[in-house]
Amino acid sequence: MRRSVLASLLPFLVLATHLSAEVIEVPGDFEGVQDAIDAAQAGDTIVVEFDVWSGPFVITRPLTIVGGSTMPYFRPGGAGSTGELFVLDGPGKGTVVFSNVIIGAQIGGNFEEGAASITGGGFEALHIYDSVVQGSPWSDNMSFVRPGVDAIDVSVPLVWIERSEIRGGDTDNYDAYPHSQGFDAGHGLVTTGTAVVIDSLIDGGNGTVIRWDGDGCPQDCPGGDGGDGIVCDQLISSNSTFDSGFSSSWDQRTGGVWCCRGESGIAMQTQQHLTMDQDLTGSGMPQLGNSYTLDWTIPGSTGLLFFAVAPRTPEVARGDLWCLGASATVVAAVASPSNLTLDLPVDPVWTGTEFVFQIMTSEAISRPLAGTLVP
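Going by this note's numbering, the first residue of the sequence shown is number 3, and it counts up by one from there.
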């Protein structure tokens with residue numbers, strides 16, 4: 003079955019998201035990312051083309067940051083910076099969305115201190131689609147020891163992650179320091195609220211070997227702990243992997259003797275973990291001008307395909323989870339199993355438009371499928 007998204011969804015998108023929203027290009031409209039963030043109004047989309055963009059960046063209003071045709075790379079600033087990258091400092095409402103971006107450095111820098119790649123709060127939700135977020139190692143200028151930092155550490159009620167990789171920062175050490183200690187690696191995701199993780203990987207950072215130059219094992223050699231995968235109050239997941247990092251250790255440089263170890267991380271630390279079946283899938287990243295196919299296999303021979311402009315905090319409905327809130331709109335009556343191909347709009351004005359689908363039959367509710375339109 004094929005249906006033009008222009009015929010079925012565009013009227014709702016116009017009413018819900020694009021009456022006043024603007025698309026801002028970097029470079030183009032602005033040379034710097036922070037300049038674009040400062041100029042954006044609530045609900046605007048900032049399209050960032052490929053480059054290495056150095057933070058920190060402070061976000062104070064709801065907006066969407068989308069990578070261009072090639073994913074841009076955001077990393078902390080250089081020597082003398084705090085190591086912060088994206089700092090959320092919102093007004094207590096709204097959502098920040100990242101899509102098609104790489105956030106965080108694999109190689110550290112000489113910072114005054116380390117910080118999570120996305121940190122802060124003040125928003126109702128943080129949504130991350132089709133992206134990579136990793137904790138950036140940082141170096142103490144005196145000892146060159148690199149503790150790991152968290153990829154994401156935020157205080158928001160809802161973190162939604164779909165088709166993404168979230169990795170805590172690894173620890174590292176440039177050389178042998180007889181009196182240094184093993185530092186803890188970073189966690190993948192730490193949040194005070196609910197985390198929804200779909201088709202994604204969340205991994206704690208690893209500790210590397212800290213070598214010992216002396217004979218035998220040192221008397222005091224505290225190894226650093228591996229990072230946890232995810233820490234949250236409630237976790238809702240589908241087709242995702244959660245892993246922890248291994249601990250930092252000491253060894254003898256000549257003999258290869260393991261002397262001390264810290265504790266490995268914990269893959270999941272949560273008060274409640276709910277899972278959803280992989281019963282609704284999409285054909286990759288939704289790009290403007292392309293077709294996008296939904297496939298589903300859900301109990302019940304017939305049902306309704308629903309659409310909303312953004313996912314909401316999941317609520318239990320008929321024993322399953324409903325993630326579209328009260329504003330969901332019926333797109334089509336559908337059979338199950340089946341599929342639907344949507345023709346996505348071409349005009350760049352729709353860049354960053356967020357969407358979420360879910361199917362309800364007489365017997366079950368599918369998992370949600372969410373994302374943003376990308377160039």
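In this text, a Cβ means the ideal position worked out from N, Cα and C, and glycines have one as well.
Subject >> Euclidean distance between Cα positions of V7 and G247 >> reply: Residue numbering aside, residue 7 sits at position 5 when the sequence shown is read from its first letter. Residue numbering aside, residue 247 sits at position 245 when the sequence shown is read from its first letter. Any reading at V7 must be qualified, since the residue scores a pLDDT of 46, below 50, and its modelled position is unreliable; no value is offered.
Original post:
Is DSSP giving I168 helix, strand or coil here?
Top reply: Within the sequence shown, residue 168 is the residue found at index 166, counting from 1. DSSP places I168 in strand when its eight states are reduced to three.
Original post:
Which residues bound the beta strand (DSSP E) around I67?
Top reply: For the purposes of this step, residue 67 is taken as residue 65 along the sequence shown, with counting starting at 1. Residues 65 to 69.
Subject >> Boundaries (first-last residue) of the alpha helix (DSSP H) holding V35 >> reply: For the purposes of this step, residue 35 is taken as residue 33 along the sequence shown, with counting starting at 1. Boundaries of the alpha helix (DSSP H) around V35: 35 to 41.
**OP:** Compute the distance between the beta-carbons of T315 and L203, then report whether it is under 8 Å.
**Re:** Position 313 of the sequence shown, counting from 1, holds the residue named residue 315. Position 201 of the sequence shown, counting from 1, holds the residue named residue 203. Contact: no.
Subject >> The beta strand (DSSP E) enclosing Q274, as first and last residue numbers >> reply: Translated into positions along the sequence shown, residue 274 becomes position 272. Run containing Q274: 270 to 277, per the beta strand (DSSP E) assignment.
**OP:** Classify V311 as helix, strand or coil using the three-state DSSP reduction.
**Re:** Here the question's residue 311 lines up with position 309 in the sequence shown. Under the three-state reduction of DSSP output, V311 falls in the coil class, being neither helix nor strand.
Original post:
If I154 and V135 are in contact, beta carbons under 8 Å, what's the gap, nearest whole angstrom?
Top reply: One-based indexing of the sequence shown puts residue 154 at position 152. One-based indexing of the sequence shown puts residue 135 at position 133. Between the beta-carbon of I154 and that of V135 there is about 6 Å, and that keeps the pair under the 8 Å contact cut.
Subject >> Three-state class that DSSP yields for A328 in the structure shown >> reply: Here residue 328 corresponds to residue number 326 of the sequence shown, with the count starting at 1. A328: helix per DSSP, three-state reduction.
Original post:
Under the three-state reduction of DSSP, which class applies to V358: helix, strand or coil?
Top reply: The residue labelled residue 358 in the question sits at position 356 within the sequence shown. Of the three classes helix, strand and coil, the one that applies to V358 here is strand, per DSSP.
**OP:** Take G302 and list the residues in its own chain whose beta-carbon comes closer than 8 Å to its own, dropping the five residues that flank it on each side.
**Re:** For the purposes of this step, residue 302 is identified with residue 300 of the sequence shown, where counting begins at 1. Excluding sequence neighbours, G302 sits near S338, T363, S364, E365, A366.
Subject >> First and last residue of the uninterrupted beta strand (DSSP E) at W55 >> reply: Looking up residue 55 in the sequence shown gives position 53. In the DSSP annotation of this structure, the continuous segment of the beta strand (DSSP E) that includes W55 starts and ends at 54 to 56.
Subject >> Proximity winner among V311, L296, A310, T355, relative to V1 (alpha-carbon distances) >> reply: Nothing can be reported for residue 1, as the shown portion of the chain is limited to 3 through 377.
**OP:** Could you check how far apart the C-beta atoms of V358 and P288 are, in whole angstroms? I think they sit under 8 Å.
**Re:** Position 356 of the sequence shown, counted from the first residue, corresponds to residue 358. Position 286 of the sequence shown, counted from the first residue, corresponds to residue 288. Cβ-Cβ separation between V358 and P288: approximately 12 Å, too far for a contact (criterion under 8 Å).
**OP:** Could you spell out where the beta strand (DSSP E) holding A372 opens and where it closes?
**Re:** The residue given as residue 372 occupies position 370 in the sequence shown. Residues 371 to 374.
Subject >> 8 Å CB neighbourhood of V348 in its chain, flanking five on each side removed >> reply: Residue 348 sits at position 346 when you count from the first residue of the sequence shown. Cβ neighbours of V348 beyond the five flanking positions: L290, G291.
Original post:
What are the boundary residues of the beta strand (DSSP E) that includes A197?
Top reply: Counting from one through the sequence shown, the residue named residue 197 turns up at place 195. Where A197 is concerned, the enclosing beta strand (DSSP E) stretches over 196 to 200.
Original post:
Leaving out the 5 sequence neighbours to the left and right, which residues in its chain are closer than 6 Å to I104 when beta-carbon positions are compared?
Top reply: By one-based count along the sequence shown, residue 104 stands at place 102. Closer than 6 Å at the Cβ level, and outside the excluded window around I104, lie M73, Y75, V134.
Original post:
Given E265, which residues of its chain have a CB within under 6 Å of its CB, disregarding the five upstream and five downstream residues?
Top reply: What you label residue 265 is simply residue 263 of the sequence shown in a count that begins at 1. Hits under 6 Å: D227, S249.
Original post:
My guess is that Q271 and L326 are in contact by the Cβ rule of under 8 Å, so how many angstroms apart are they, rounded?
Top reply: Residue 271 sits at position 269 when you count from the first residue of the sequence shown. Residue 326 sits at position 324 when you count from the first residue of the sequence shown. Here Q271 is actually not in contact with L326; their C-beta atoms are around 28 Å apart, not less than 8 Å.
Original post:
For V135, which of helix, strand or coil comes out of DSSP?
Top reply: The sequence position of residue 135 within the sequence shown is 133, counting from 1. Annotated three-state conformation of V135 is strand, per DSSP.
Original post:
By DSSP, does V103 sit in helix, in strand, or in coil?
Top reply: As a first step, residue 103 must be located in the sequence shown, where it is residue number 101. DSSP places V103 in coil when its eight states are reduced to three.
Original post:
Nearest CA to the CA of L87: which residue from V351, G137, V28?
Top reply: On the sequence shown, residue 87 is found 85 positions in, with the first residue counted as 1. Closest in alpha carbon position to L87, among V351, G137, V28, is G137.
**OP:** Leaving out five residues on either side along the sequence, give the residues of the same chain with a beta carbon under 8 Å from the beta carbon of W298.
**Re:** Reading the sequence shown from its first residue, position 296 is the one you call residue 298. Same-chain partners within the cutoff: D281, L282, T283, V336, S338, P339, S340, N341, I361, S368.
Subject >> Reference S166, options V28, N102, V50, closest by Cα >> reply: Walking along the sequence shown from the start, residue 166 turns up at place 164. Per the Cα distances, N102.
Subject >> Proximity to A2 [Cα-Cα], best of V49, G94, A118, F52 >> reply: Absent from the structure is residue 2, since the part of the chain shown begins at 3 and ends at 377.
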